[in-house]
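Undergrad: Mapping of the first sequence onto the working numbering: residues 1 to 439, in sequence order. The beta-carbon is built from N, C-alpha and C at its ideal position, and this holds for glycine as well. What you are looking at is a predicted structure, and each value in this text was computed from that prediction instead of being measured. Questions regarding the structure given below will be posed in turn.
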Amino acid sequence: KMFKETGHQNAYFPLFVPKSLFEAEEKNAEGFAKECAVVTHYRLKTDPEDPKKLIVDPEAKLEEELVVRPTSEALIWNTYKNWIQSYRDLPILINQWANVVRWEMRTRLFLRTAEFLWQEGHTAHATKKEAIAETAQMNSVYAEFAENFMSMPVIQGKKTESERFAGAEETYCIEALMQDGKALQAGTSHFLGQNFAKAFDVKFASKEGKLEYVWATSWGVSTRLMGALIMTHSDDKGLVLPPKLAPYQVVIVPIYKGEEQLAEISKVVNKLVVELRLEGISVKYDDRDTHKPGWKFAQYELQGVPVRLAIGPKDLEKGTIELARRDTLTKEFVQQEEIVQKVKSLMVEIQNNLFQRVLAFRNEHITEVNDFEEFKKVLKTKGGFLSAHWDGTAETEEKIKELTKATIRCIPFEREEEPGTCVFSGKPSQGRVLFAKAY
RNA sequence: CGGGGUGUAGCGCAGCCCGGUUAGCGCGCGUCGUUCGGGACGACGAGGCCGGAGGUUCGAAUCCUCUCACCCCGACCA
């Protein structure tokens, strides 16, 4: 929906990238080469030594290997070449939902899986200015999604050269902080300059009649965000889902003895379900007789349902309903006639409460440090982001990483002009950057 | 690729060092009864090529060799 609001179109491109296309943009190819799954054959056959087994048919070797896309720039720019002749063909604003494969040496559930799902946007523009604006816009779209839907505060900034996307001129990012004090890169948006246009020879005739290379961006967020969501809000009882992303926002559990009582309760609940749905709230009424109330309470807490309503014989008598919040784990009794409004307002309140809670934690875990001993100490004891001066060199960045495992997560867009001296080298610094141990 | 670890019932594990009736426990599962406002209780019951192959032995979950898979740590991570 957000992509449509920003004028993007959904499209789908092939999974396999012929190796010759993949290698066209050198830096991109070099950056991803170490983690590519490659198709070399197109057929299996029965093992002559064991009819129950299959072997790769050596006769079926491909003339040119196919790379399973780790990202789609190469394929897409090879296509854009055919779509772009004139400034009238620009901009092209395309998004694709797809799976990609990156053969990491070591995977991490949700955060770095060999195969993952993502959306990747690929845009083509007539001017550098427009492309940079697009890069910034999409980074902001991601930040808004993280903050307003996931209730996960993020810091927007740009990556240092060594952390940049292979083939990009500039990489913008959103960085989040997990509950264990480690940072997570939650999304990236890249200004690709004219690198891919040059590699794939994509030129357009400008208004002035000159042939110019096209300017590009690409950007993406992935199923890693599910890991982020889990690690941002969950507690020992399980998931905590923000209302805007919860498949069920409300679950209703009847407490009853015998079919008759259930029928009475259901009369009240069925009416309530209709009313809640009219307010656009997704509700599940779990009247299964196969599980006990206590079991259901625990189960929906595990699944992170934001609000739970329970209604039993006592409530029928008093005209009340028990309401439990997942975010605060508090319970209260609410009059039946007030429940719809109460739930409606809670949807907003819980969404905000989660955000504020995480924001407070995040802000408490941004620590200004001014010398390297302090840097190491805070990193070890408190974790989180360290706001420190950096001399701007890759050598210092590398050295700090080697000594502490902390990397520069980003150079925040919003930072004060504050000249100082590098926390490691003591050389002059333009301003503070954010370091952290990251996933 | 280096280091460490684990494969035994659907899930989690004990048993292995020191070989020996019918391989055990918890959860889960089925039936019946009592329950039902925070993961109920009791009784009965079902469920196992002990990861795979080979070997030693009268006898292997247990010892030996090989092998496969998975997990953790590290290197790596646009």
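The beta strand (DSSP E) with T160 in it runs from where to where?
TA: Premise fails: T160 is in no beta strand (DSSP E) and is neither H nor E.
Undergrad: What residue does the beta strand (DSSP E) around E301 start on, and which one ends it?
TA: Not the beta strand (DSSP E): E301 falls in the alpha helix (DSSP H), residues P293 to Q303.
Undergrad: Less than 8 Å between C-beta atoms, sequence neighbours within five positions excluded: which residues of the same chain meet that for A11?
TA: I94, N95 and Q96
Undergrad: Run through the DSSP bridge pairs and tell me what D201 is partnered with.
TA: The partner list for D201 (beta bridge, DSSP) is empty, contrary to what the question assumes.
Undergrad: Cβ of L434 versus every heavy atom of the ligand SAM: is any distance shorter than 6 Å?
TA: By its list of ligands, the structure shown contains no ligand whatsoever, and the ligand SAM lies outside what it can speak to.
Undergrad: Check S218 in the structure and name its three-state DSSP category.
TA: strand
Undergrad: Where R108 and R357 are concerned, what is the direct C-alpha to C-alpha distance, given to the nearest angstrom?
TA: 26 Å
Undergrad: Would you call the segment 150-164 and the segment 411-421 in contact, with 3 or more CB pairs under 8 Å?
TA: yes
Undergrad: Would I255 and P293 qualify as a contact pair, given that the criterion is a beta-carbon distance under 7 Å?
TA: Yes.
Undergrad: Between the segment 16-31 and the segment 192-204, do three or more beta carbon pairs fall short of 8 Å?
TA: yes
Undergrad: Specify, as a first and last residue, the run of the beta strand (DSSP E) that G7 falls within.
TA: Counting along the chain, G7 falls outside any beta strand (DSSP E), and DSSP gives it neither H nor E.
Undergrad: Name the residue from K380, P243 and L54 whose alpha carbon lies nearest to the alpha carbon of G441.
TA: It is not possible to answer for residue 441, since the shown part of the chain is limited to 1 through 439.
Undergrad: With DSSP run on the structure shown, which of helix, strand or coil describes T188?
TA: strand
Undergrad: Check for me: the beta strand (DSSP E) holding D47 runs from which residue to which?
TA: L44 to D47
Undergrad: Entirely within the segment 287-366 and at least 3 residues each: give me those beta strand (DSSP E) ranges in chain order.
TA: 307-311, 320-325 and 331-335
Undergrad: Tell me whether N370 sits in a helix, a strand or coil according to DSSP, three-state version.
TA: coil
Undergrad: Taking H125 and L75 to be in contact with their CB atoms under 8 Å, please state how far apart those CB atoms are, rounded to whole angstroms.
TA: With a Cβ gap of about 19 Å, H125 and L75 do not count as contacting.
Undergrad: Compute the distance between the beta-carbons of L354 and P428, then report whether it is under 7 Å.
TA: No; because the gap between Cβ atoms is not below 7 Å, this pair is not in contact.
Undergrad: Quick one: what does DSSP say L262 is sitting in, helix, strand or coil?
TA: Correct three-state label for L262: helix.
Undergrad: Using the rule of at least 16 other Cβ atoms within 10 Å of the residue's Cβ for burial, across every protein chain shown, is R88 buried or exposed?
TA: exposed
Undergrad: In terms of alpha-carbon separation, which member of Q303, R288, H291 and K284 lies closest to L309?
TA: K284
Undergrad: Could you compute how far the alpha carbon of W219 sits from the alpha carbon of R69?
TA: 15 Å
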